[in-house]
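Numbering (this note's numbering), first residue to last: 270 to 403.
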């Protein structure tokens, strides 16, 4: 695992970009649940979100955070809200599942997801893109 991608490293060395990435993630989550909050609300939540990630989920990578939150939204019955208890539950559940899988020598779910993305990228990279129409 590349330590430079972990939250604690990014928080220490590139906090500005981490804040931007977290803001974009929260915005995408709101779109997924069909809400359109004021930018001030996202900014206020983002400050708390960044601190929570650095404090409690520092060893995770941003892609893994995104994966856990997206999965949590899809597996939770509506209504879903973006707030501290919600993201804490989604991230804690993901982290606990991964710990149990490691303890049982099983492959982590996120690792499987990453391998699928990598293999799909290799398939698509070499393909020729044809424009339809004009």
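Where a beta carbon is used, it is the ideal one built from N, C-alpha and C, also for glycine. This structure is a prediction, so every number in the text was calculated from the model and none was measured.
Identify, in the order they occur along the chain, each residue of the same chain with its Cβ nearer than 6 Å to the Cβ of residue 331, setting aside the five sequence neighbours on each side. Walking along the chain shown from the start, residue 331 turns up at place 62. Same-chain partners within the cutoff: 290.
Presumed contact (8 Å Cβ cut-off) between residue 295 and residue 325, rounded CB distance: Walking along the chain shown from the start, residue 295 turns up at place 26. Walking along the chain shown from the start, residue 325 turns up at place 56. Rounded, the Cβ-Cβ distance is 17 Å, inconsistent with contact.
With residue 342 and residue 302 assumed to form a contact (beta carbons below 8 Å), what rounded beta-carbon distance in angstroms separates them? Here residue 342 refers to the residue found at position 73 of the chain shown. Here residue 302 refers to the residue found at position 33 of the chain shown. About 6 Å separates the two Cβ atoms, so the contact holds.
Same chain, Cβ closer than 7 Å to residue 337, five either side skipped, listed in chain order: Counting from 1 along the chain shown, the entry for residue 337 is found at position 68. If you ignore the 5 residues before and after residue 337, its C-beta comes within less than 7 Å of the C-beta of 359, 360, 363, all in its own chain and listed in chain order.
What residues in its chain sit with their C-beta under 7 Å from that of residue 315, if we drop five residues either side in the sequence? Locating residue 315 in the chain shown gives position 46, counting from the first residue. Here the set comprises 288, 291, 292, 295.
For residue 275, name the three-state secondary structure that DSSP assigns. The residue you call residue 275 lines up with position 6 of the chain shown. Residue 275 falls in the strand class under three-state DSSP.
Can you say whether residue 333 is buried or exposed, counting buried as having 16 or more other CB atoms within 10 angstroms of its CB? Looking up residue 333 in the chain shown gives position 64. Residue environment: residue 333 is assigned as buried (16 or more neighbouring CB atoms within 10 Å of its CB, all protein chains considered).
Sorted by chain position, which residues of the same chain lie with C-beta nearer than 7 Å to residue 298's C-beta, five sequence neighbours on each side aside? One-based indexing of the chain shown puts residue 298 at position 29. Only residues of its own chain outside the window of five on either side were considered, and among them 338, 342, 351 have a CB closer than 7 Å to the CB of residue 298, listed in chain order.
Hey, would you say residue 278 sits closer than 8 Å to residue 323, going by beta carbons? Position 9 of the chain shown, counted from the first residue, corresponds to residue 278. Position 54 of the chain shown, counted from the first residue, corresponds to residue 323. Contact flag unset, no.
Run through DSSP, which three-state label would residue 293 get? Mapped onto the chain shown, residue 293 falls at position 24. In this structure, DSSP gives residue 293 a helical state, which the three-state scheme calls helix.
Does DSSP classify residue 307 as helix, strand or coil? Looking up residue 307 in the chain shown gives position 38. Coil, per DSSP.
Give the DSSP-derived three-state secondary structure of residue 330 in the structure shown. The residue labelled residue 330 in the question sits at position 61 within the chain shown. In this structure, residue 330 counts as strand in the three-state DSSP scheme.
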